[in-house]
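When we follow the working numbering, the leftmost residue of the sequence shown carries the number 244, and every step to the right adds one.
The C-beta atom is built at its ideal place from N, Cα and C for all residues, glycine as well.
Note that this is a predicted model, so its numbers are computed, not measured.
Note sheet for the following structure.
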Amino acid sequence: MKVLILGATGQVGRNVLEQALANEHIEQIIAPTRRALAEHPKLLNPVSADLHQTFADIAGLSIDAMICTMGTTIAKAGSKEAFRQVDYVLPIKFAEWSLALGAKACAIISSPGASLSIPLYYCRIKGELERDIQGIGFRSLTIIRPGMIGGSREEFRPAERLVLPLAALLRPVLPRGLWINPPANIARVMIDAVLSRPQGVRLLTSRDLV
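This is the structure we're talking about:
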């Protein structure tokens with residue numbers, strides 16, 4: 244299987260890449276990034292500051308599946324429009340390109356608050372992403388709404404620094420839907436999804452990732 248990974252330098256994406264490289268059922272990984280990844284015989288890594296430009300490097304390839312872990316925050320992106328480019332425009336564009344190159348399956352990370360009717364901009368963009376990714380035409384689509392994601396991030400998120408230790412301490416008394424989701428668990432579920440290719444659209448939440 245040949246898999247395109249979008250977001251391979253992020254917290255979950257790094258785990259997806261590591262597990263995909265070690266998976267005997269995945270023969271090639273295409274991972275467009277803004278900065279170079281470590282070389283590997285199975286890895287094709289187009290690099291450009293503008294990820295749209297990397298499509299020229301993959302246009303002649305065949306792809307069986309796409310995994311998208313792309314995501315940021317409005318604060319890190321610098322503006323609402325810059326956030327939308329990362330969390331909506333790029334995933335949708337690469338999904339369309341992947342389908343055109345033969346992909347039948349897609350697994351993508353969304354947000355537990357994703358909704359078209361919520362005034363919060365972040366949640367509304369995630370709702371638009373979920374709506375429009377379903378219209379692209381993958382035979383198998385897995386949308387993942389993780390809860391709190393454990394592990395360390397490259398960027399500083401003060402709220403998570405406070406909440407994650409508390410959630411870990413309270414795990415024995417918290418409902419499963421509120422447990423911390425380790426990035427490795429999310430990555431495993433995403434890879435399993437594109438390998439098994441269940442028909443139609445599946446929505447997985449935090450309780451499916453523990």
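Report task. Could you check what DSSP says for Met433 in three-state terms: helix, strand or coil? Result -> Along the sequence shown, one-based indexing puts residue 433 at 190. Looking at Met433 - three-state DSSP - the assignment turns out to be helix.
Query - C-alpha gap between Val246 and Thr448, whole angstroms - result: Position 3 of the sequence shown, counted from the start, is the residue given in the question as residue 246. Position 205 of the sequence shown, counted from the start, is the residue given in the question as residue 448. Whole-angstrom Cα-Cα distance: 23 Å.
Requested in this report: Could you have a look at Ile269 and say whether DSSP puts it in helix, strand or coil?
Outcome: Translated into positions along the sequence shown, residue 269 becomes position 26. Three-state result, Ile269: coil.
**Report entry** Cβ shell of Ala292 (< 6 Å), same chain only, five flanking positions each side left out
**Finding:** Position 49 of the sequence shown holds residue 292. Here the set comprises Arg277.
Requested in this report: Please classify Pro334: is it buried, with 16 or more other beta-carbons within 10 angstroms of its beta-carbon, or exposed?
Outcome: Indexing the sequence shown from 1 puts residue 334 at position 91. Pro334 comes out buried.
Query - Segment limits, alpha helix (DSSP H) that includes Arg327 - result: Counting from one through the sequence shown, the residue named residue 327 turns up at place 84. Start and end: 323-327.
Query - N-terminal and C-terminal residue of the alpha helix (DSSP H) that Lys369 is part of - result: Locating residue 369 in the sequence shown gives position 126, where the first residue counts as 1. First-last of the alpha helix (DSSP H) with Lys369: 364-377.
**Report entry** Proximity winner among Leu260, Met244, Ile248, relative to Ala427 (alpha-carbon distances)
**Finding:** One-based indexing of the sequence shown puts residue 427 at position 184. Among Leu260, Met244, Ile248, the Cα nearest to that of Ala427 belongs to Leu260.
Query raised in the report: Which value, in whole angstroms, describes the spacing of the CA atoms of Ile310 and Ile248?
Result: Within the sequence shown, the letter at position 67 stands for residue 310. Within the sequence shown, the letter at position 5 stands for residue 248. In a straight line, the C-alpha of Ile310 is about 5 Å away from that of Ile248.
Query raised in the report: Beta carbon of Ala320: closer than 7 Å to some heavy atom of the ligand SAH?
Result: As far as ligands go, the structure on display features none, and thus does not contain the ligand SAH.
Query - When Val332, Thr297, Ala302, Ala263 are compared against Leu243, the one with the closest alpha-carbon - result: Since the first residue of the chain shown is 244 and the last is 453, residue 243 is not available in this structure.
**Report entry** Residue from Asp307, Thr297, Arg257 with nearest C-alpha to Gln271
**Finding:** Locating residue 271 in the sequence shown gives position 28, counting from the first residue. Looking from the CA of Gln271, the closest CA among Asp307, Thr297, Arg257 belongs to Asp307.
Report task. Would you mind stating whether Val329 and Ala320 have Cβ atoms separated by less than 8 Å? Result -> For the purposes of this step, residue 329 is taken as residue 86 along the sequence shown, with counting starting at 1. For the purposes of this step, residue 320 is taken as residue 77 along the sequence shown, with counting starting at 1. For Val329 and Ala320, yes; Cβs fall inside 8 Å.
Query raised in the report: Mapping DSSP to helix, strand and coil, what is Gly420?
Result: For the purposes of this step, residue 420 is taken as the residue at position 177 of the sequence shown. Note that Gly420 scores 49 on pLDDT, short of 50, meaning its location in the model is unreliable; the coordinates nonetheless yield the value given after this. DSSP places Gly420 in helix when its eight states are reduced to three.
Query raised in the report: Going by the beta-carbon positions, is the gap between Glu373 and Ala357 smaller than 8 Å?
Result: Numbered from its first residue, the sequence shown carries residue 373 at position 130. Numbered from its first residue, the sequence shown carries residue 357 at position 114. Yes, Cβ-Cβ distance for Glu373 and Ala357 is below 8 Å.
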